[in-house]
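Following full-length UniProt numbering, the numbering of the sequence shown begins with 1 at its first residue and continues without gaps.
This report refers to the structure that appears directly beneath it.
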Amino acid sequence: MAGRIPPDDPRYLAERMARTLDWNLLRTFVVLAESHSITEAAQRLSLKQPSVSMALKRLEDRMGRKLIDRSPGEYELTDAGRLLHREAVEINGSVLRLSTLMRELTDHVQGHVRLTMASHVVCPLFDRVLSEFHADHPHATLAMEVHSSADAIAEVAAKRASFAVCLVRERDPAMEYRRLYREFFGLFCGPPHPLFGRENLQRADLAGHSSVSFETDRLQDALKPVTLMRAEAELGQRITGLSSHLEEVRRMIVAGLGVGPLPVHVAARDVSDGQLWQVPPYENLPAIDVHVVWNPRAVKNRAEELLLGRLLETIEVTPIEDRTYA
Numbered sequence: 001m002a003g004r005i006p007p008d009d010p011r012y013l014a015e016r017m018a019r020t021l022d023w024n025l026l027r028t029f030v031v032l033a034e035s036h037s038i039t040e041a042a043q044r045l046s047l048k049q050p051s052v053s054m055a056l057k058r059l060e061d062r063m064g065r066k067l068i069d070r071s072p073g074e075y076e077l078t079d080a081g082r083l084l085h086r087e088a089v090e091i092n093g094s095v096l097r098l099s100t101l102m103r104e105l106t107d108h109v110q111g112h113v114r115l116t117m118a119s120h121v122v123c124p125l126f127d128r129v130l131s132e133f134h135a136d137h138p139h140a141t142l143a144m145e146v147h148s149s150a151d152a153i154a155e156v157a158a159k160r161a162s163f164a165v166c167l168v169r170e171r172d173p174a175m176e177y178r179r180l181y182r183e184f185f186g187l188f189c190g191p192p193h194p195l196f197g198r199e200n201l202q203r204a205d206l207a208g209h210s211s212v213s214f215e216t217d218r219l220q221d222a223l224k225p226v227t228l229m230r231a232e233a234e235l236g237q238r239i240t241g242l243s244s245h246l247e248e249v250r251r252m253i254v255a256g257l258g259v260g261p262l263p264v265h266v267a268a269r270d271v272s273d274g275q276l277w278q279v280p281p282y283e284n285l286p287a288i289d290v291h292v293v294w295n296p297r298a299v300k301n302r303a304e305e306l307l308l309g310r311l312l313e314t315i316e317v318t319p320i321e322d323r324t325y326a
């Protein structure tokens, strides 16, 4: 028959898989791939373990590949499993977003926008955009979740979040990035610390003191300039506290656990209130850029399109000098 694809043609196999593959198996596999055992996946799916094991077997049979190595004491994705997980996450995200788009299709903008944020983003420009967006579209809803920057971007890549506002270590060519603002980090201590309140401090005065910092304060990570600043201050090797949340790093500094880095404009009020004291260096502070990150392959609802578009347009017309907080 004209136009019929022969069974030995690779396109036939691809079309047959598209027709017969159970999408629920892919959803189950996403959970399996992100768990540490069949038992854990079954608990997350609210299913019995044999049902999840059977679903995995059906999917492996359908794919003709082993997807998870489950030898005694081992539970690890195979190369085929890693490839399928990457694609299944995107498919699952698209299906979830499709139902949301259909539900939100009305004459006025009432979509839901889910943002993933690095902790304690302080940016007047961003706040102004949110205020203007809500004034123009009061039926739209917003959810803002705080994650580490890496996790925030992962949520956007999986199409579970509209966009992220966070630090960026390495750029994924599949994602889009725009610098939102620039901030400068200084070193601070709290009232219990022996350096608190001391005038005319020199960098040498910091030598040997313990420190607290961020989990991304490493030479290979997004806060590399902050790591170098701490090293040049000759602070002791012992880091007494770590967190991915700025509020918790601040808490440890105020409590006197050690000297720690914070954005200068974020710490300004605490300095004024006597909760923090800035220590050297005072000049040539490391600059850190905070970005907007979005997935261009994710289908966005009207609210997401309008908010992201407004934010990017505002960034475009605002010189970086006016988006730099010192």
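Just so it is clear, CB atoms sit at the ideal spot from N, CA and C, and this is done for glycine as well.
Expressed to the nearest angstrom, what Euclidean distance is found between the alpha-carbon atoms of residue i and residue j?
| i | j | result |
| --- | --- | --- |
| VAL52 | ALA42 | 6 Å |
| ASP61 | ARG297 | 30 Å |
| ASP107 | SER131 | Note that ASP107 scores 48 on pLDDT, short of 50, meaning its location in the model is unreliable; the coordinates nonetheless yield the value given after this. Taking the straight line from one Cα to the other gives about 22 Å. |
| LEU142 | THR116 | 11 Å |
| residue 329 | ALA158 | Because the chain in this structure spans residues 1 to 326, residue 329 falls outside the shown range and cannot be described. |
| HIS134 | PHE163 | 17 Å |
| LYS66 | ALA88 | 16 Å |
| ASP205 | PHE188 | 13 Å |
| residue 335 | GLU34 | Only positions 1 to 326 of the chain appear in the structure, and residue 335 is not among them; the question remains open. |
| VAL254 | PRO72 | 48 Å |
| HIS139 | VAL113 | 11 Å |
| SER46 | VAL290 | 39 Å |
| LEU311 | VAL129 | 6 Å |
| ARG198 | SER211 | 18 Å |
| MET252 | ALA303 | 38 Å |
| TRP23 | LYS300 | 22 Å |
| PRO192 | PRO280 | 18 Å |
| ARG171 | LEU308 | 19 Å |
| GLN275 | MET54 | 58 Å |
| ARG169 | TRP277 | 29 Å |
| GLU145 | GLU155 | 10 Å |
| HIS120 | LEU262 | 11 Å |
| GLU215 | HIS36 | 24 Å |
| GLU283 | ALA174 | 37 Å |
| residue 327 | LEU285 | Here the chain has residues from 1 to 326 only, and residue 327 is not among them. |
| ASP136 | ASP127 | 14 Å |
| THR78 | GLY64 | 13 Å |
| ALA231 | ARG269 | 26 Å |
I'd like the list of long-range same chain contacts for residue i, defined as Cβ closer than 6 Å, with 5 residues on each side in sequence excluded.
| i | result |
| --- | --- |
| GLU176 | TRP294, PRO296 |
| GLU76 | ASP69 |
| SER148 | SER244 |
Look up residue i in the DSSP assignment and say whether it is helix, strand or coil.
| i | result |
| --- | --- |
| THR116 | strand |
| ASP172 | coil |
| LEU242 | strand |
| ASP107 | At ASP107, the pLDDT of 48 sits below 50, so the modelled position is not reliable; the number obtained from the coordinates is stated separately. Reduced to three states, the DSSP call for ASP107 is coil. |
| LEU187 | strand |
| LEU25 | helix |
| THR39 | helix |
| ASP69 | strand |
| ARG250 | helix |
| LEU235 | coil |
| LEU77 | strand |
| SER211 | strand |
| THR324 | strand |
| GLY93 | helix |
| VAL30 | helix |
| GLY197 | coil |
Give a yes or no on whether the C-beta atoms belonging to residue i and residue j are separated by under 8 Å.
| i | j | result |
| --- | --- | --- |
| PRO225 | ILE320 | no |
| SER213 | LEU242 | yes |
| GLY260 | VAL249 | yes |
| VAL266 | VAL122 | yes |
| LEU56 | LEU32 | yes |
| VAL264 | PHE184 | yes |
| ALA118 | ALA152 | yes |
| GLY256 | GLY186 | no |
Which residues in the same chain have their Cβ closer than 8 Å to the Cβ of residue i, if we skip the five residues on either side of it in sequence?
| i | result |
| --- | --- |
| ILE315 | LEU125, ARG178, ARG179, LEU180, VAL292, ARG323 |
Under 8 Å between C-beta atoms, does residue i make it to chain D?
| i | result |
| --- | --- |
| SER119 | Absent from the structure: chain D. Only one protein chain is present. |
Starting from the C-beta of residue i, find all residues in its chain whose C-beta is less than 7 Å away, skip the five residues before and the five after it, and write them out in chain order.
| i | result |
| --- | --- |
| VAL30 | HIS85, ALA88, VAL89, ASN92 |
Tell me the start and end of each unbroken alpha helix (DSSP H) in the stretch 124-182 that is at least 4 residues and wholly inside, in chain order.
Here the runs fully enclosed are 124-136, 149-157.
So within the stretch 254-296, which uninterrupted beta strand (DSSP E) runs reach at least 3 residues, ignoring any that extend past its ends?
Complete beta strand (DSSP E) runs here, min 3: 260-263, 277-279, 287-294.
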